[in-house]
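The numbering of the sequence shown is this note's numbering, which starts it at 60 and goes up by one.
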Amino acid sequence: MNFALISYGILLYFLCFSARNDAIRNWDHEFLYIESTSSNEELVNASIKLEHTEIGKNSVSGFIDWKFDADEHTMCQLRFLWSQSGRDNDYKDTIHQVPMMTFYEFLDKYYMKIVYADWGSCTNLPDIGSKFVPPWNKTTYIFSKCDPPGVNFPDILPRGYHKLVCKIIGQAELVIETILKLTPRKNMLV
Ligand SMILES: *[C@@H]1O[C@H](CO)[C@@H](O)[C@H](O)[C@H]1NC(C)=O
Ligand SMILES: *[C@@H]1O[C@H](CO)[C@@H](O)[C@H](O)[C@H]1NC(C)=O
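Okay, structure coming up:
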């Protein structure tokens, strides 16, 4: 075994692997807040909380207990707001929005890219492939120490506070609100 060669290989791999992000992506994130509210816990119940991890970053754990039948009238919206100061009344809509649309349309157009890509590995949320085939299962979706990297989020985002508000409106209304703080990306190689 040539350990020098192996180490070199690992270093090379690491350089290539991290090159794209270090070159382009200008942000790192930290979860500051997450809260879920249901208009009727008998129909959809959720408890999603921040947990402190060993390395001092917050991760997301909890559940969504989905108990109503989603259908073609179920709606969904994602709002992205930004504030430099983080004060409540400073948040303004950004250009990145998922307008109110049917939940099924949301599943077809956005779910795999912005939900599953980030939350698929730490939850039992389903991989629905390229086209959603009903039904959306009534089950408990579990979140276990999630720290989603924002895989398909823009590489260039302004520093400051970003608020995401996800609304699902069916027989009951579920709102999940989260606030992330973006900081300059730490370059691990220097
Ligand atoms: C909803 O979840 C909370 C937190 O786990 C629990 O205390 C409450 O009893 C649940 N409500 C219903 C109707 O199941
Ligand atoms: C719903 O549950 C069935 C049976 O477990 C499974 O085969 C299917 O993939 C699930 N669909 C979704 C969208 O989660």
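Beta carbons: idealized from backbone N, C-alpha and C, even for Gly. In this text the structure is predicted, and so the values were computed from the model without any measurement.
Considering only residues of the stretch 190-224, which uninterrupted beta strand (DSSP E) runs meet the minimum length of 3 residues and lie entirely inside it, listed in chain order?
-> 199-205
Cα-Cα separation between E101 and V174, rounded to whole angstroms | 25 angstroms
Under the three-state DSSP convention, the category L166 falls into | helix
contact_flag[the stretch 84-91, the stretch 209-217] where n(CB pairs < 8 angstroms) is 3 or more | yes
Note down, in chain order, each residue of its chain lying with its Cβ closer than 8 angstroms to the Cβ of Y169, except the 5 sequence neighbours on either side.
-> L137, V157
Going by alpha carbons, who is nearest to T161 out of T242, F212, A129, C205?
-> A129
Residue from F122, M159, F212 with nearest C-alpha to C205 | F122
From S189 to P243, what does the alpha carbon distance come to, in whole angstroms?
-> 34 angstroms
For W141, which residues does DSSP report across the bridge?
-> K151, H221
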